[in-house]
Structures are given as C-alpha cells and as structure tokens.
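Chemist:
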Amino acid sequence: MISLVLSVAAILTTVSSTMLILGDHSPAFEPSRLIGAVCYWVLTALLAMGITLITRSGIIPLAILIINSSLVSFSFILSKVTPLAYYLPDRAGADMFMLDRYSPPLTGGLVMLAWVVVIFGAAAILFLRRDIAS
Amino acid sequence: MKPLCAEVYKLLTLPSVWITLAGTFLLNVVLCTVIASSALNGAAGTPDILSFSFASMGYVQAGFVILGILAVCSEYAGGQIRTTLIAMPWRCFQLSAKLLALSIITIPAACMIASASILCSWIWMRDTSAAIAISTLAKSLAGATGYLTFTTLLSAAVGGLFKRMIPALAVLIGYYFVVSPLTDRLLPGLVPFLPVTAGYYMYMPSSSDSLHVLTPLQGTGVTALWTLIFIAAAVVVYRRRDA
Numbered sequence: 090m091i092s093l094v095l096s097v098a099a100i101l102t103t104v105s106s107t108m109l110i111l112g113d114h115s116p117a118f119e120p121s122r123l124i125g126a127v128c129y130w131v132l133t134a135l136l137a138m139g140i141t142l143i144t145r146s147g148i149i150p151l152a153i154l155i156i157n158s159s160l161v162s163f164s165f166i167l168s169k170v171t172p173l174a175y176y177l178p179d180r181a182g183a184d185m186f187m188l189d190r191y192s193p194p195l196t197g198g199l200v201m202l203a204w205v206v207v208i209f210g211a212a213a214i215l216f217l218r219r220d221i222a223s
Numbered sequence: 059m060k061p062l063c064a065e066v067y068k069l070l071t072l073p074s075v076w077i078t079l080a081g082t083f084l085l086n087v088v089l090c091t092v093i094a095s096s097a098l099n100g101a102a103g104t105p106d107i108l109s110f111s112f113a114s115m116g117y118v119q120a121g122f123v124i125l126g127i128l129a130v131c132s133e134y135a136g137g138q139i140r141t142t143l144i145a146m147p148w149r150c151f152q153l154s155a156k157l158l159a160l161s162i163i164t165i166p167a168a169c170m171i172a173s174a175s176i177l178c179s180w181i182w183m184r185d186t187s188a189a190i191a192i193s194t195l196a197k198s199l200a201g202a203t204g205y206l207t208f209t210t211l212l213s214a215a216v217g218g219l220f221k222r223m224i225p226a227l228a229v230l231i232g233y234y235f236v237v238s239p240l241t242d243r244l245l246p247g248l249v250p251f252l253p254v255t256a257g258y259y260m261y262m263p264s265s266s267d268s269l270h271v272l273t274p275l276q277g278t279g280v281t282a283l284w285t286l287i288f289i290a291a292a293v294v295v296y297r298r299r300d301a
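Protein sequence lines, in the order shown, are assigned to chains P and A. Residue numbers for the first sequence follow the numbering used here, beginning at 90 and rising by one. Residue numbers for the second sequence follow the numbering used here, beginning at 59 and rising by one.
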C-alpha cells in the first residue's frame, strides 16, 4: 500500500517534470504505462521483502537489487548471453512500461508476479519452520 | 603489535567476511566467463585480454564495499564495540589497527580475485588475442589490488561514520552504482577528481583508442587522497562520539 502511494507520487512527479522541461518534444502520456511502472515498483518492493525474509539479512537484497537497477546490471548482461535471462524478474517487469519490449506488457507482469509468488512462498515456508535465533 | 593481532583475529573469525570473499570470488569467475564468452561471440578483431578481465570489476567492487562495511559495523550490531573499547580505550590507535588488519586481509584476497579474472579471460581468449606483456600484467594487477583495497578502506571509514550497516551500504552502493556512472556521463569534467572514476584508471590498461584522462599513478593518488579524507573523518568522529 505504502509503496503503491509512493510510487504513484514519484512517477507522476517525474512525468510532469518531463513534460515541463521537454515541452512539445515530450512523449504522449499513456496511463497504461503509468500503471505498468507502478506495478513494477510495487512488485519490486514485494520481491525485496521476500528476499529479505529468506536471507534474514538486510545487506544481500539491498546490494543485489540496487546493483540490478543501476547502469551496470546483472540481468542486462545475462540477457546478452542467453534469451532465458529475459524472464528474470526485473527484465520481465520492465516490459510493463518500457517501449522496446521483449514480450507483451501483461506477460511481463505475470512473469514478475510469478517470481514474487515463488519467492514469497519460499519465504513463508522458511519463516514458519526456522528458529528465530539468527 | 597485540592490538593488530587482535583485530586480525577478530576479522578472521567473523564468518561474514569469509562468506563475502567467497561470494565475490564466485561472482567474479561467473561474470568473467559470461563477459568473455559474449565478447568472443560479438567482437571482431583481436580483443585485449586485460580490458575484458577488468570488465567485471564494477561488480567485484560491490563485494569489497560490503566487506569494508561488515568489518566495522559488525562490532556495533551486537554491542561488541563496548568490549573492544574497554579492552583498548585508545580509539585512534584501535581504529588504525582495525583498518590495518582489514588491509592485511584484503590485499591477498584482492590479488587473488584480480588474478582469477585475468586467468578466466585468458582461458577464454588465448586463441584470439595478442599476448600480454608481463610488465603490463603486473601493473594492472597491482592497480586492481590497490583499487579494491582502497575501496574496502573507504567503505570501512564510511561504515564507521554511519555506525549501522544498512544506511552505510545504501549510501555507498547508491554512490558506486548509480551516482558515479551518471556523473561519468553527465559531468565528464569531474571524472579525474571523484574516487570511483579516478580509481578506474588505476587498473585499466591504456589503450590507443580511448581518451585517458589520468595515468595510473595519478588515479592512485586521487583515490588514496579520498580514502585518507574519509579515514580521517572516521577517526575524528570515532574519538568524539559515544560508541
């Protein structure tokens, strides 16, 4: 919920500032891409929560997810080696709002949702079965 | 001598240090293989082995940033810092011993990881590329080891400033992977003065087709200066603050 509100606010701010700065050159505002981007960020937040529950440390998911969304990204490099890498969560999720797509936006969203469900499932099982002591 | 031995022993018996180093090593091998094989499929002409072997440096430095932060912040997490400071109240001396112990552990590890990346690229590319001169190899290896050690010390100093792992990690990884590539592209005039971008010239061999702003020695100087600034800040703050 919080990530939903925050991501909507952030994306609307970015889009309006882009329109202000670029003026006539800015691309048309499509609400479907806004929804796609919001979904991507919410799912990324859930993915981060799932990975944190599994690894029980803040460091690993933080490092992995920030590096993955930076200019040097694991998924990007792997996608040059094998087309299977397009089904990694961040590459698939990017199909929801980017213009150069590998697969249709809905498929990308479903792939990312599947990743989140799998990781949450693993996190739930581990959370129930593991000892609290770290 | 005893404080140094104590700090080295503390670091050697911290499991997260070994996990981080092992993870970084594996990541390095995997990435070098991926990069070298994709370069073989794509590029024409004779690729330079050294440039490709250090292409994975961007990711490896993340592992060393984590190492530096863990070395300092793990003491604050469980309250071990209080025991440390009771045993050794001279804070400047203790922090210097800790940073020296960290470099004693980091230098061999960085050397091994840099050599592994050169070896991986060489295994993939030995048939298609020119031979490497030993002096170039030694200089690049020394530069890479130095850069990774400076990175670790800088992150340890920043960890000492923040005292908690997550904020330090978020700031450092955010800088190394988001802010630094952006400044590289948008503000090329600042490139010689920033720690990460100047450190790049420490290990990349000079090639004829790229514009080299700094020589390796200049890059070393700039990176060392930034590391010293952060270490000095960490020492001053450590002495004045509550543990």
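Every residue gets a Cβ at the ideal spot worked out from N, C-alpha and C, and that includes glycine.
What number of angstroms, rounded off, separates the C-alpha of residue 195 of chain A from the C-alpha of residue 170 of chain A?
Modeler: Counting from one through the second sequence, the residue named residue 195 of chain A turns up at place 137. Counting from one through the second sequence, the residue named residue 170 of chain A turns up at place 112. Each residue's Cα considered, the two are about 14 Å apart.
Chemist: For residue 138 of chain A, count the other beta carbons within 10 Å of its own beta carbon; 16 or more makes it buried, fewer makes it exposed. Which is it?
Modeler: Locating residue 138 of chain A in the second sequence gives position 80, where the first residue counts as 1. The residue is exposed, with fewer than 16 neighbouring Cβ atoms inside 10 Å.
Chemist: Less than 8 Å between CB atoms is the rule here; does residue 47 of chain A satisfy it with respect to chain P?
Modeler: Nothing can be reported for residue 47 of chain A, as the shown portion of chain A is limited to 59 through 301.
Chemist: If you draw a straight line from the C-alpha of residue 97 of chain A to the C-alpha of residue 180 of chain P, how long is it?
Modeler: As a working note, residue 97 of chain A is residue 39 in the second sequence. As a working note, residue 180 of chain P is residue 91 in the first sequence. About 21 Å.
Chemist: So what does DSSP say about residue 220 of chain P, is it helix, strand or coil?
Modeler: Sequence index remark: in the first sequence, residue 220 of chain P carries index 131 (1-based). The answer is coil: DSSP assigns residue 220 of chain P none of H, G, I, E or B.
Chemist: Between the beta-carbon of residue 182 of chain A and the beta-carbon of residue 82 of chain A, is there less than 8 Å?
Modeler: For the purposes of this step, residue 182 of chain A is identified with residue 124 of the second sequence, where counting begins at 1. For the purposes of this step, residue 82 of chain A is identified with residue 24 of the second sequence, where counting begins at 1. In this structure, residue 82 of chain A does not lie closer than 8 Å to residue 182 of chain A by Cβ.
Chemist: Expressed to the nearest angstrom, what Euclidean distance is found between the alpha-carbon atoms of residue 157 of chain A and residue 199 of chain P?
Modeler: Start at 1 with the first residue of the second sequence, and residue 157 of chain A comes out as number 99. Start at 1 with the first residue of the first sequence, and residue 199 of chain P comes out as number 110. About 48 Å.
Chemist: Pull up the CB-CB distance for residue 121 of chain A and residue 78 of chain A, whole angstroms please, since I reckon it's below 8 Å.
Modeler: Residue 121 of chain A sits at position 63 when you count from the first residue of the second sequence. Residue 78 of chain A sits at position 20 when you count from the first residue of the second sequence. Sure, about 6 Å apart at Cβ, within 8 Å.
Chemist: Using the beta-carbon count (16 or more within 10 Å), is residue 130 of chain A buried or exposed?
Modeler: By 1-based counting over the second sequence, the position of residue 130 of chain A is 72. Under this definition residue 130 of chain A is a buried residue.
Chemist: Could you tell me if residue 255 of chain A is buried or exposed, where buried requires 16 or more neighbouring beta carbons within 10 angstroms of its beta carbon?
Modeler: What you label residue 255 of chain A is simply residue 197 of the second sequence in a count that begins at 1. Residue 255 of chain A is buried by the Cβ-count criterion.
Chemist: Indicate whether at least one CB of chain A lies closer than 8 Å to the CB of residue 177 of chain P.
Modeler: The count along the first sequence starts at 1 and reaches residue 177 of chain P at position 88. Output row for residue 177 of chain P: interface = no.
Chemist: Kindly indicate the opening and closing residues of the alpha helix (DSSP H) around residue 278 of chain A.
Modeler: Translated into the one-based positions of the second sequence, residue 278 of chain A becomes position 220. Segment 274-298, the alpha helix (DSSP H) holding residue 278 of chain A.
Chemist: Can we count residue 117 of chain A as close to the ligand COA, meaning its CB is less than 7 Å from some heavy atom?
Modeler: In the structure on display, the ligand COA does not appear, and there are no ligands present to speak of.
Chemist: With 8 Å set as the bound, which would you pick, yes or no: does the beta-carbon of residue 117 of chain A sit closer than that to a beta-carbon of chain P?
Modeler: Position 59 of the second sequence, counted from the first residue, corresponds to residue 117 of chain A. Cβ-Cβ to chain P under 8 Å: yes for residue 117 of chain A.
Chemist: In chain P, which residues lie with their C-beta within 8 Å of the C-beta of residue 223 of chain A?
Modeler: As a first step, residue 223 of chain A is located in the second sequence; it is residue number 165 there, counting from the start. By Cβ distance, chain P contributes 147, 148.
Chemist: Quick check: residue 257 of chain A and residue 296 of chain A, are their CB atoms within less than 8 Å of each other?
Modeler: As a working note, residue 257 of chain A is residue 199 in the second sequence. As a working note, residue 296 of chain A is residue 238 in the second sequence. For residue 257 of chain A and residue 296 of chain A, no; Cβs fall outside 8 Å.
Chemist: Hey, quick one: how far does the alpha helix (DSSP H) through residue 182 of chain A stretch, first residue to last?
Modeler: Working through the second sequence from its first residue, we reach residue 182 of chain A at position 124. Note, residue 182 of chain A: alpha helix (DSSP H), 149-183.
Chemist: By the criterion of Cβ-Cβ separation under 7 Å, what are the contact partners of residue 120 of chain A in chain P?
Modeler: Numbered from its first residue, the second sequence carries residue 120 of chain A at position 62. Residues of chain P passing the Cβ test: 152, 156.
Chemist: Spell out whether any CB of chain P is found under 8 Å from the CB atom of residue 236 of chain A.
Modeler: Locating residue 236 of chain A in the second sequence gives position 178, counting from the first residue. Taking Cβ atoms only, chain P reaches closer than 8 Å to residue 236 of chain A, which makes this a yes.
Chemist: Confirm, please, whether the CB-CB distance from residue 74 of chain A to residue 128 of chain A is below 8 Å.
Modeler: In the second sequence, residue 128 of chain A corresponds to position 70, counting from 1. In the second sequence, residue 74 of chain A corresponds to position 16, counting from 1. A contact, by the Cβ cut-off of 8 Å.
Chemist: Classify residue 61 of chain A as helix, strand or coil using the three-state DSSP reduction.
Modeler: Translated into the one-based positions of the second sequence, residue 61 of chain A becomes position 3. If DSSP states are grouped into helix, strand and coil, residue 61 of chain A belongs with the helices.
Chemist: Determine, using beta carbons only, whether residue 149 of chain P and residue 235 of chain A come nearer to each other than 8 Å.
Modeler: Counted from its first residue, the first sequence places residue 149 of chain P at position 60. Counted from its first residue, the second sequence places residue 235 of chain A at position 177. Their beta carbons are not under 8 Å apart, which means residue 149 of chain P does not touch residue 235 of chain A by this criterion.
Chemist: DSSP state of residue 106 of chain A, grouped into three classes?
Modeler: Locating residue 106 of chain A in the second sequence gives position 48, where the first residue counts as 1. Of the three classes helix, strand and coil, the one that applies to residue 106 of chain A here is coil, per DSSP.
Chemist: Given residue 226 of chain A, which residues of its chain have a CB within under 7 Å of its CB, disregarding the five upstream and five downstream residues?
Modeler: As a working mapping, residue 226 of chain A is identified with position 168 in the second sequence. Answer for residue 226 of chain A: 127, 131, 216, 217, 220, listed in chain order.
Chemist: Run through chain P and tell me which residues come within less than 9 Å of residue 75 of chain A, C-beta to C-beta.
Modeler: Within the second sequence, the letter at position 17 stands for residue 75 of chain A. Simply none; closest approach about 13 Å.
Chemist: Report yes or no: is there a C-beta of chain P within less than 8 Å of the C-beta of residue 96 of chain A?
Modeler: Translated into the one-based positions of the second sequence, residue 96 of chain A becomes position 38. Answer yes: the Cβ-Cβ gap between residue 96 of chain A and chain P drops below 8 Å somewhere.
Chemist: Given this structure, state the Cα-to-Cα distance separating residue 134 of chain P from residue 93 of chain P, to the nearest angstrom.
Modeler: On the first sequence, position 45 is the one that residue 134 of chain P refers to. On the first sequence, position 4 is the one that residue 93 of chain P refers to. Between residue 134 of chain P and residue 93 of chain P, the C-alpha separation is close to 10 Å.
Chemist: Looking at the unbroken alpha helix (DSSP H) that takes in residue 152 of chain P, where does it start and where does it end?
Modeler: Residue 152 of chain P sits at position 63 when you count from the first residue of the first sequence. Where residue 152 of chain P is concerned, the enclosing alpha helix (DSSP H) stretches over 148-157.
Chemist: Using a cut-off of 8 Å between C-beta atoms, extract the partners of residue 159 of chain P located in chain A.
Modeler: Within the first sequence, the letter at position 70 stands for residue 159 of chain P. Residues of chain A passing the Cβ test: 235, 236, 239.
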